[in-house]
Amino acid sequence: MEWARFVGFKMLRLLSLLVGVSVVSFILMQFSPVDPVEAYIGGDMIRVSAEQRSLIEERWGLNDSPAERLLTWGQALIQGDLGTSMIYRQPVADIIQERFMNSVALMAVAWVLSGLIGFGLGVVAAMKRDSRLDRLICWYCYTLASTPVFWIALLLLMVFGVWLGWLPIGLGVPAGMSTDQVSWSDRVIHMILPALTLSMTGVAAIALHTRQKLVDVLDSDYILFARARGEQGVQLFRRHGFRHVVLPALTLQFASFSELFGGAVLAEQVFSYPGLGQATVQAGLRGDVPLLLGLVLCSAVFVFTGNLIADILYRLIDPRMKEETIG
Amino acid sequence: MRGFSWGKQSVRAGVVILLICTVGLSGCAQGSSSATETVQQAASLPKDELVLAVGTEPEGGFDPTTGWGQYGSPLFQSTLMKRDAKLQLVNDLATNHSVSEDGLTWTVTLRDDVKFSDGEPLTAEDVRFTFETAAKSGSVIDLTNMADVEAPDATTVVFTLKSPQSTFMSLLTTLGIVPEHAYGSDYAEHPVGSGPYKLVQWDKGQQAIVEANEQYYGKKSTFHKLTFLYLDEDAAFAAAQAGTVDIAAIPAAFSKQQVNGMKLESVKTVDNRGIMFPMQPAGAKSGDGLPAGNDVTSDISIRKAVNVAIDRTALVEGVLEGHGRPAYSVSDDLPWSNPDSVFADANIDEAKRILADGGWVDTDGDGIVEKNGTKAEFNLLYFAGDLTRQSLALAAADMVAQAGIKVNVEGKSREETKKLAYTNAVLFGWGSHDPLETYNLYSSTHKGEGYYNTGLYSNPTVDHWMQQALKATTEEEALPFWQKAEWDGSTGFSYQGDAPWAWLVNIDHLYLVKNGLDIGEQQIHPHGHGWPVTSNLEEWSWKEETK
């Protein structure tokens, strides 16, 4: 019963979130100065007559009022139809599905890596507080935290792709190879650089927060008491530190879903990796409203899921949370 | 006890270190093996395969009826006519074509031996179907002037136009023919055509792999397999450096860096940049009702002085690193441009003389000339973020300042520019293999419609010559009329005439090409970098000594 209420409540929130997000995005697109027809025609503008221009508008349904268009889109959506992309001339659902499969693997790898490495670094830094190692880790994290994703991406691309030639400079599969010949190792090799880029940016936040939390914990009275009993090192951390720092780390890790999505857009752009990022950039720059709305919905669900998992894990890890929500 | 626990810890530490080492080592080993692999792969790639990074992905897929093949060639499909290296028309699917006296009926006869890559024959019905589908598609293919298309027999197609249009030929040279029997909603992803290549695989967002079409009727290319990588400029350059591509399109900014094993080829273009001047005095209205006109640029002596003061060669050297040539018209060196429109520029004294003759004198000694209390000062807009345009605008402003004209250079977004283009000078870029562009830029019929003739230029004589050109029944017949519209000895849209534009430069398209690869004689490329290089793929080959 209690779980049913929890789930129902969350579903309602998701629904209202999706409605809100799509209405706001639609309005923003209306105010955007990008003229979709112009963006679509691009370099051909002088060869396309005014008559043809109005044909394009008609085909895209741009002649209806914005409210009407949003309503038509909403009605179609309820029936499970996300509409047709203007620039790709394909159902939006197909594009998202295809791209999502590529992105999701990339994001999952990056997410797990950044979580594990970040948590580990944070714990080590806090346990060895003020040592040279701590300072090194902090310096590394501050540098990462203040570095734009695309710049890291370019750096990795130059070093490993061009100078050393160890890894491919982009794409998700080897150039010129037919799909049935592409092996798993090929895909993994092509994913290394984008995943590394993406995970690097996540590391800093988790590590620094974990370090701070653990430092606070280590300053507490019960740690003093435990130390007095002769506990130290790994044992001390396992018995008294872990539970305290794993929760904030988890929150951060799942909340980072949104950053993950944003980072993927940039990393994919640099490495020509065929994920959702590329499609999002195209949709935004060229005023492809159906595709952009589809992507916005998709990313909203994605981020929401991240937070939801965090919520559920809380209740599993720390029973006190459950009591609070019931109360 | 203590010793034991120490031992356990050290064992644990050892395991961790071992793990790190193995992961690290295996990473390195794998890395270096794949590196040598890439190098070997590049070196041992069969000579009949090429990897190209020359253009952006056609997002809409490979359907000619929605815009595929407008630049370069449709590759998978063939067109009725095509243009050779000299841009002369030659037959492709067509064996002959004729245009009726009134210019309204175009009859094209077809080869009877053409098969699509699936083995089915190509007939006039397919041509009719293609043009009808394209007309209905609501895409960049503009067929609004086509009233009807019929296929009276298997090898004859008859087009009926609403009004005479000699530039209709451009559609015959760019629209690839699709098969009626194999056309469906997924055609763009699985094209079937009669072109030199067929699509084997399209990894969206990444690459397209194509192989030679065995059924192709024309000259076969030396290359059996081509892989087109969709990389943006930086990535394409990186790919060239890493040795993974045989040819890559690069921007001029990268041209100074040497790449091992590759040579730089620059291709002549009509990818031009020029300054468009508002031609009416302030207070006019555009077709869309926006304010138009400018009191300074509407004075012909200002426009001529700007034209003649600019040192185009210096722009090419300074801004384009030498990869370009001066521009004197929208269509330099294309068959329909008038060679007489070229003039001696970089002449500040001449500019000063023109200004003085026009009544522009510097009375207050601030270095800027005036006329009737109006200073010779105007804004020049460019699309913000485009470095080349910015540099050209700034350099041009410096040059005309010496003649006493003050130009304020401002970067604006495309959207803002669209609204301001009627009242300010704008740095635009054009250049097409279709003379229709000339018509849309200079004719008074479309003035002030969107980007058409934003200067509101209007000259009845020029209109008359261009109408004659459109009414012509063959391209050869139309050419002299286009040239006369530019300069007929007494008036025209060239510098010698009304000077509604100051054309600056044509920007060369740059390609990094593997040593030994010969990309044949290239056409003058149109605006739009990348794909056009593929228009003569059948001429590409490895030079003898490298075989």
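Line by line, the protein sequences give chains B and W.
Quick note: to get the numbering used here, add 1343 to the position in the first sequence (first position is 1).
Quick note: to get the numbering used here, add 171 to the position in the second sequence (first position is 1).
We put the beta carbon where it would ideally sit given N, CA and C, even for glycine.
Outcome for residue i when other beta-carbon atoms lying within 10 angstroms are tallied against a minimum of 16
i: B:MET1543; result: buried
i: B:TYR1565; result: exposed
i: B:TYR1485; result: exposed
i: B:PRO1633; result: buried
i: B:GLU1611; result: buried
i: W:GLU321; result: exposed
i: B:ARG1442; result: buried
i: W:ALA406; result: buried
i: B:LEU1628; result: exposed
i: B:VAL1502; result: exposed
i: W:MET252; result: buried
i: B:ARG1663; result: exposed
i: B:GLY1630; result: buried
i: W:HIS361; result: exposed
Coarse secondary structure for residue i, derived from DSSP in three states
i: W:LYS369; result: strand
i: W:LEU708; result: helix
i: W:ASP557; result: coil
i: B:GLU1441; result: helix
i: B:LEU1507; result: coil
i: B:MET1543; result: helix
i: W:LEU221; result: strand
i: W:GLU351; result: coil
i: W:GLN201; result: For W:GLN201, the predicted model reports a pLDDT of 37, less than 50, meaning its position is unreliable; a value from the coordinates is still stated below. DSSP places W:GLN201 in helix when its eight states are reduced to three.
i: W:ILE695; result: coil
i: W:ASP689; result: strand
Interface flag, residue i vs chain W, CB-CB below 9 Å
i: B:LEU1539; result: no
i: B:GLY1519; result: yes
i: B:ALA1622; result: yes
i: B:THR1522; result: yes
i: B:MET1444; result: no
i: B:GLU1441; result: yes
i: B:GLN1625; result: yes
i: B:TYR1483; result: no
i: B:GLY1458; result: no
i: B:MET1470; result: no
i: B:SER1615; result: yes
i: B:VAL1455; result: no
i: B:LEU1288; result: Here chain B covers residues 1344 to 1670 and nothing more, so residue 1288 of chain B does not appear.
i: B:GLN1373; result: no
i: B:ILE1512; result: yes
i: B:VAL1632; result: no
Contact with chain B by residue i, beta-carbon distance below 9 Å
i: W:GLN412; result: yes
i: W:LYS434; result: no
i: W:LEU251; result: no
i: W:TYR401; result: yes
i: W:VAL704; result: no
i: W:GLY687; result: no
i: W:ASP803; result: Here chain W covers residues 172 to 718 and nothing more, so residue 803 of chain W does not appear.
i: W:GLU657; result: no
i: W:LYS396; result: yes
i: W:GLY274; result: no
i: W:ASP503; result: no
i: W:THR440; result: no
i: W:THR415; result: yes
| query | Mind listing which residues of the region 599-623 of chain W have their C-beta closer than 8 Å to chain B's C-betas, in chain order? | reply | TRP601, SER603, ASP605, LEU607, GLU608, ASN611, LEU612, HIS617, GLU620, GLY621, TYR622, TYR623
| request: Compile a chain-ordered list of the residues in the region 570-604 of chain W whose CB is closer than 7 Å to at least one CB of chain B. | output: SER584, GLU586, TRP601, SER603
| said: Give me the subset of the region 367-389 of chain W whose CB atoms are less than 9 Å from a CB atom of chain B, sorted by chain position. | reply: VAL371, GLN372, ASP374, LYS375, GLY376, GLN377, GLN378, ILE380
| message | To be precise: take each residue of the region 1376-1401 of chain B, compare its Cβ to all Cβ atoms of chain W, and keep it if any distance is under 9 Å. Which residues remain? | response | PRO1376, VAL1377, ASP1378, GLU1381, ALA1382, TYR1383, ILE1384, GLY1385, GLY1386, ASP1387, MET1388, ILE1389, ARG1390, VAL1391, SER1392, ALA1393, GLU1394, GLN1395, ARG1396, LEU1398, ILE1399, GLU1400, GLU1401
| query | Is it a yes or a no for the region 506-520 of chain W touching the region 700-715 of chain W, going by three-plus beta-carbon pairs under 8 Å? | reply | no
| task | Count the CB pairs spanning the region 1624-1641 of chain B and the region 1432-1450 of chain B that are closer than 8 Å, and state whether there are at least three. | result | yes
| Counting Cβ pairs, one atom from each stretch, are 3 or more of them under 8 Å apart for the region 1471-1483 of chain B and the region 369-387 of chain W? | no
| query | Does the count of Cβ pairs from the region 408-416 of chain W and the region 565-584 of chain W closer than 8 Å reach three? | reply | Put simply, the region 408-416 of chain W does not touch the region 565-584 of chain W. Fewer than three CB pairs are less than 8 Å apart.
| field | Any 3 or more C-beta pairs closer than 8 Å across the region 1638-1650 of chain B and the region 1600-1618 of chain B | value | yes
| Interface positions of the region 527-545 of chain W facing chain B (Cβ-Cβ less than 9 Å), listed along the chain | Taking 9 Å as the Cβ-Cβ cut-off against chain B, none of the residues of the region 527-545 of chain W qualify.
| Sufficient close CB pairs (3 or more, under 8 Å) joining the region 1409-1420 of chain B to the region 1569-1587 of chain B | no
| Name the residues in the region 1485-1496 of chain B whose C-beta lies less than 8 Å from a C-beta of chain W; which are they? | none
| task | State whether the region 306-313 of chain W contacts the region 228-247 of chain W, with contact taken as three or more CB pairs (one from each stretch) at a distance under 8 Å. | result | yes
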